[in-house]
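A.B. asks: Counting from 1 along the sequence shown, just add 4 to a position and that's the residue number in this note's numbering.
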Amino acid sequence: MNIDGTLYGRDDARVSVFDHGFLFGEGVYEVLRTYGQRPFLFAEHMRRLRASADRLALSCPLSDEDLLARIRDTVAAAALPGDAYVRILLTRGVGEIVYDPAACPTPTLVVIVKPHVDPPVEAVRGGVRLALASVVRNHPGSVDPAIKSNNLLNNALAMQQAYREGAFEALMKNHRGELCECAQSNIFVVRDGVLLTPPTSAGLLVGVTRGFVLECAADLGVPAEECVLHETDLASAQESFLTSTTREIVPVVRIGAQTIGDGAPGPVTRRLMTAFAAAVPSRLS
Ligand code: PLP
Numbered sequence: 005m006n007i008d009g010t011l012y013g014r015d016d017a018r019v020s021v022f023d024h025g026f027l028f029g030e031g032v033y034e035v036l037r038t039y040g041q042r043p044f045l046f047a048e049h050m051r052r053l054r055a056s057a058d059r060l061a062l063s064c065p066l067s068d069e070d071l072l073a074r075i076r077d078t079v080a081a082a083a084l085p086g087d088a089y090v091r092i093l094l095t096r097g098v099g100e101i102v103y104d105p106a107a108c109p110t111p112t113l114v115v116i117v118k119p120h121v122d123p124p125v126e127a128v129r130g131g132v133r134l135a136l137a138s139v140v141r142n143h144p145g146s147v148d149p150a151i152k153s154n155n156l157l158n159n160a161l162a163m164q165q166a167y168r169e170g171a172f173e174a175l176m177k178n179h180r181g182e183l184c185e186c187a188q189s190n191i192f193v194v195r196d197g198v199l200l201t202p203p204t205s206a207g208l209l210v211g212v213t214r215g216f217v218l219e220c221a222a223d224l225g226v227p228a229e230e231c232v233l234h235e236t237d238l239a240s241a242q243e244s245f246l247t248s249t250t251r252e253i254v255p256v257v258r259i260g261a262q263t264i265g266d267g268a269p270g271p272v273t274r275r276l277m278t279a280f281a282a283a284v285p286s287r288l289s
């Protein structure tokens, strides 16, 4: 772990209870993974971190270069046997219990490093089931889902339902009732050979992996569109999958009560998984 430039062991890493990240959830974060010691899609994660921070009038105290060096140092110090999970947290910092940002002159920057864990082999091979969450994704006029903020209660509530139902993830609708995104990942479906995913105007976190999968689809010549999707569209989807940094692509074979296609991972999903894996080495920092 690294807090404001100092390395700590897992049991010694401490942040003040007066940090506004703790008091108010006032902060942003990124999760990236490494292959070996090298971060994957680093530039894309930094772009989103700065965009999220801007929305809170927070600024990251380090340049991309210096943050990459800090991540590298923290990963090296962790001396993991395999790939790393890296969580970067940037909070308002420590100050009096008032909302005034001026109370916190120095933001807190934490880098958590722990072993990366791949999704279970059965999930990747056989596909997973999603709960249809009853909690609605935040309205973009409230805490905008496009901000990757530490204010994760909405997502935690959706995941509680998934755990209760024994589902892998929770798919949320937006305030208009459209399919939006999962609690921790973005959603795709394949209909008649076309890859479809909800548009950013649905009010979602624009996943770095979502973007990379769209690039892989373009390279493969798989037509892809951002498209407003409803629950009723699931019946005509032949395939579905979710995407995130830690899971990359995981096939989805059931959503709520609806079986997707023939209930097994489909060929477009498989082709994208193969293309994704082949493209990884070109995007390591
Ligand atoms: N949507 C939400 C709500 C998430 O929390 C995440 C990742 O944690 C994603 C989508 C996927 O984003 P990424 O591919 O950048 O990991």
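Note that CB positions come from ideal geometry on N, CA and C, so glycine has one too.
Quick caveat: nothing in here was measured; it's all calculated off a predicted structure.
For residue 56, report the span of its alpha helix (DSSP H) as first-last.
C.D. replies: 46 to 59 is the extent of the alpha helix (DSSP H) around residue 56.
A.B. asks: Which runs of the alpha helix (DSSP H) at least 4 residues long sit entirely within the segment 189 to 267? Give them in chain order.
C.D. replies: List check, alpha helix (DSSP H) in window: 212 to 224.
A.B. asks: Considering only the alpha carbon of each residue, which of 9, 184, 138 lies closest to residue 162?
C.D. replies: Taking only the C-alpha atoms, the option nearest residue 162 is 138.
A.B. asks: Do you know how far the Cα of residue 100 is from the Cα of residue 201?
C.D. replies: Their Cα atoms are separated by approximately 43 Å.
A.B. asks: Taking the continuous beta strand (DSSP E) assigned at residue 136, which residues delimit it?
C.D. replies: Where residue 136 is concerned, the enclosing beta strand (DSSP E) stretches over 132 to 136.
A.B. asks: Taking the alpha-carbon of residue 209 as reference, which of 133, 188, 41, 260 has the nearest alpha-carbon?
C.D. replies: Out of 133, 188, 41, 260, 188 has the C-alpha closest to the C-alpha of residue 209.
A.B. asks: The ligand PLP and residue 248: does any heavy atom of the ligand fall closer than 7 Å to the residue's C-beta?
C.D. replies: Yes, since a heavy atom of the ligand PLP falls inside the 7 Å radius drawn around the Cβ of residue 248.
A.B. asks: Would a C-beta distance cut-off of 8 Å place residue 259 and residue 199 closer than the cut-off?
C.D. replies: No, they are not a contact pair.
A.B. asks: Quick check: what's the CA-CA separation for residue 155 versus residue 279?
C.D. replies: Residue 155 and residue 279: Cα-Cα distance of roughly 34 Å.
A.B. asks: On the DSSP bridge assignment, give the partners of residue 42 in chain order.
C.D. replies: 39.
A.B. asks: Less than 7 Å between C-beta atoms, sequence neighbours within five positions excluded: which residues of the same chain meet that for residue 218?
C.D. replies: Cβ neighbours of residue 218 beyond the five flanking positions: 228.
A.B. asks: Starting from the N-terminal side, write out each stretch of the beta strand (DSSP E) that is 3 residues or longer and does not extend beyond the segment 110 to 192.
C.D. replies: Complete beta strand (DSSP E) runs here, min 3: 112 to 119, 132 to 136, 173 to 177, 183 to 186.
A.B. asks: Does the beta-carbon of residue 187, which I'm using as the reference point, lie nearer than 7 Å to any heavy atom of the ligand PLP?
C.D. replies: Yes - the ligand PLP has a heavy atom lying nearer than 7 Å to the Cβ of residue 187.
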